[in-house]
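First comes the structure, then the notes that go with it.
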Amino acid sequence: MRTGWVVLALWVSASAWAGQPQPDEEQRLRTLSAELRCLVCQNQSLADSNAELAVDLRNQVQDLMRSGKSDQEIKDYLVQRYGDFVLYRPPVKSSTVVLWIGPFVLLALGAVAMLRYVRSRRRTLHVLPITDDRLEAARQLLVGGDEVSGTQRKDDST
Amino acid sequence: MIRFGLPLVVFLVVVGFLYKGLALNPREVPSPLIDKPAPAFSMARLDDPAQRVTHEDLRGKVWILNVWASWCVACLQEHPLLVEYSRGGNVPIYGLNYKDQRELADAWLLKHGNPYTASLMDPDGKVGIDYGVYGVPETFVIDKQGVIRFKQIGPVDPGVLRDKITPLVQRLQAQS
């Protein structure tokens, strides 16, 4: 029974693999270099930039691909020379941990602040119980308001 | 107190970060190569292409590697300073002639002076990539063990030469 499952799983994964179009080199180069920063024109990726160094580095990346290096190995190659700066997605390190978890910390702080605010508001609302006196006062206010708007309408017509 | 104090503190922190951010130079990318062994190379000499120089040949002495090219405008800015510094003969300066043509490079050195013990040719920029070069000129100080101890991106100015490079070279030369 168990071997049956294994065979089935293998068959499914193999057919899924065969069905997937093999990403060609060009596509791979474009995807990878879109994640790498051009050092000369810093707000462009290696894929977008036409700076001479970007062209050289793209060629270098292509050479490394042809020699059978994985994407991670190519990134390591560039980081070794140019530092984490070439990566648009910086790795999690002690120096970048604030960058990575900072937004979530701020979000949590915001949620806590909002919760506290909502709770304190609810508490003040509950402090005032509805009594007959207050209900009567409110009714009078409503009736009075109607009269006021009535007089206004009269004023408007004259 | 919290009502006004907290926003004030947040405001001051933000101002602090922005002020610091203004003072940073985004062009100055810290090199990961500092305190790492200088990448291996074997390059032909500009004055005699039949002869090659490798990183091993320079082991055992403190040396300066200056990346330059005849097409590089900013190189002219630092060049007189290098020529003068080389007259002192304190430290060999090797040139990395980056993505240049031999005739143009030769003519440029004749015209502007040659501070280099030797210039080594890197016509396709491969050695430049190994050294993380992204803006010419760049200058490296390499110690006796072949470890990169300093990198200047962009032209060397008198202040950098006086306050950083000269004392560093002296200190490194004093080490065994």
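Those sequence lines, one after another, are chains A and B. Using this note's numbering, the first residue of the first sequence is number 5, and each one after it goes up by one. Using this note's numbering, the first residue of the second sequence is number 8, and each one after it goes up by one. C-beta atoms are modelled at their ideal positions from N, C-alpha and C, and glycine is treated no differently.
Cβ of residue i within 8 Å of any chain A Cβ
{"i": "Ile136/B", "result": "yes"}
{"i": "Gly142/B", "result": "yes"}
{"i": "Pro44/B", "result": "no"}
{"i": "Ser49/B", "result": "no"}
{"i": "Gly23/B", "result": "no"}
{"i": "Gly153/B", "result": "no"}
{"i": "Ser38/B", "result": "yes"}
{"i": "Gly12/B", "result": "no"}
{"i": "Gly28/B", "result": "no"}
{"i": "Gly102/B", "result": "no"}
{"i": "Gly139/B", "result": "yes"}
Beta carbon of residue i nearer than 8 Å to that of residue j
{"i": "Gly132/B", "j": "Asp60/A", "result": "yes"}
{"i": "Val98/B", "j": "Ile71/B", "result": "yes"}
{"i": "His62/B", "j": "Ala45/B", "result": "yes"}
{"i": "Val22/B", "j": "Cys82/B", "result": "no"}
{"i": "Gln84/A", "j": "Ile136/B", "result": "no"}
{"i": "Arg109/B", "j": "Leu53/B", "result": "yes"}
{"i": "Val134/B", "j": "Lys43/B", "result": "no"}
{"i": "Ala76/B", "j": "Asn104/B", "result": "yes"}
When the options are compared against residue i, the one with the closest alpha-carbon
{"i": "Pro162/B", "options": "Pro46/B, Arg10/B, Leu111/B, Gln84/B", "result": "Gln84/B"}
{"i": "Leu57/A", "options": "Arg126/A, Cys45/A, Phe89/A, Asp67/A", "result": "Cys45/A"}
{"i": "Gly96/B", "options": "Leu168/B, Ala30/B, Tyr123/B", "result": "Tyr123/B"}
{"i": "Thr173/B", "options": "Phe147/B, Lys43/B, His62/B", "result": "Phe147/B"}
{"i": "Leu13/B", "options": "Arg127/A, Phe108/A, Ala117/A", "result": "Ala117/A"}
{"i": "Leu179/B", "options": "Gln58/B, Arg94/B, Val69/B", "result": "Val69/B"}
{"i": "Leu111/B", "options": "Asp42/B, Trp78/B, Gly102/B", "result": "Trp78/B"}
{"i": "Asp88/A", "options": "Phe18/B, Gly139/B, Val20/B, Lys158/B", "result": "Gly139/B"}
{"i": "Leu43/A", "options": "Asp75/A, Glu140/A, Lys79/A, Tyr86/A", "result": "Tyr86/A"}
{"i": "Val74/B", "options": "Ile160/B, Leu31/B, Gly67/B, Gln177/B", "result": "Ile160/B"}
{"i": "Met69/A", "options": "Asp28/A, Glu140/A, Val147/A", "result": "Asp28/A"}
{"i": "Met171/B", "options": "Ser183/B, Gln182/B, Lys158/B", "result": "Residue identity differs from the one stated: residue 171/B is Lys in this sequence, not Met. The option with the nearest alpha carbon to Lys171/B is Lys158/B."}
{"i": "Tyr92/B", "options": "Ala181/B, Trp115/B, Lys151/B, Arg169/B", "result": "Arg169/B"}
{"i": "Ser183/B", "options": "Asp150/B, Ile155/B, Arg156/B, Asp164/B", "result": "Asp150/B"}
{"i": "Tyr141/B", "options": "Ile100/B, Ala181/B, Pro37/B, Gln177/B", "result": "Pro37/B"}
{"i": "Asp55/B", "options": "Leu40/B, Met128/B, Pro39/B, Gly153/B", "result": "Met128/B"}
{"i": "Leu40/A", "options": "Pro94/A, Ser71/A, Asp67/A, Lys73/A", "result": "Pro94/A"}
{"i": "Ile100/B", "options": "Lys118/B, Leu65/B, His119/B", "result": "Leu65/B"}
{"i": "Arg156/B", "options": "Phe24/B, Lys27/B, Ile41/B", "result": "Ile41/B"}
{"i": "Arg10/B", "options": "Arg138/A, Thr128/A, Tyr121/A, Leu139/A", "result": "Tyr121/A"}
{"i": "Gln152/B", "options": "Ala181/B, Leu19/B, Ala125/B, Asp164/B", "result": "Ala181/B"}
{"i": "Thr35/A", "options": "Thr128/A, Gln144/A, Arg62/A", "result": "Arg62/A"}
Closer than 8 Å to chain B by CB, residue i
{"i": "Val83/A", "result": "yes"}
{"i": "Tyr92/A", "result": "no"}
{"i": "Val101/A", "result": "no"}
{"i": "Gln64/A", "result": "yes"}
{"i": "Asp60/A", "result": "yes"}
{"i": "Tyr86/A", "result": "yes"}
{"i": "Leu50/A", "result": "no"}
{"i": "Leu43/A", "result": "yes"}
{"i": "Leu57/A", "result": "yes"}
Rounded C-alpha distance that separates residue i from residue j
{"i": "Phe113/B", "j": "Lys106/B", "result": "The sequence shown places Asp at residue 113/B, rather than the Phe named in the question. Approximately 13 Å between the Cα atoms of the pair."}
{"i": "Leu91/A", "j": "Leu88/B", "result": "35 Å"}
{"i": "Lys79/A", "j": "Leu175/B", "result": "32 Å"}
{"i": "Pro107/A", "j": "Val96/A", "result": "14 Å"}
{"i": "Ile134/A", "j": "Leu103/A", "result": "50 Å"}
{"i": "Leu146/A", "j": "Leu132/A", "result": "19 Å"}
{"i": "Gly67/B", "j": "Arg32/A", "result": "43 Å"}
{"i": "Gln76/A", "j": "Gly166/B", "result": "40 Å"}
{"i": "Leu15/B", "j": "Ala38/A", "result": "41 Å"}
{"i": "Ser49/B", "j": "Leu110/A", "result": "52 Å"}
{"i": "Gly148/A", "j": "Ala141/A", "result": "10 Å"}
{"i": "Gly114/A", "j": "Lys27/B", "result": "25 Å"}
{"i": "Arg138/A", "j": "Leu19/B", "result": "47 Å"}
{"i": "Ser126/B", "j": "Gly72/A", "result": "34 Å"}
### Query
At what residue ranges does the segment 66-95 of chain B contain a whole run of the beta strand (DSSP E), taking only runs of 3 or more?
70-75
### Query
Can you list, in chain order, the stretches of the beta strand (DSSP E) that have 3 or more residues and sit fully within the segment 112-140 of chain B?
125-129
### Task
Scan the segment 71-111 of chain A and note each continuous alpha helix (DSSP H) run of 4 residues or more that stays entirely inside, going in chain order.
75-86
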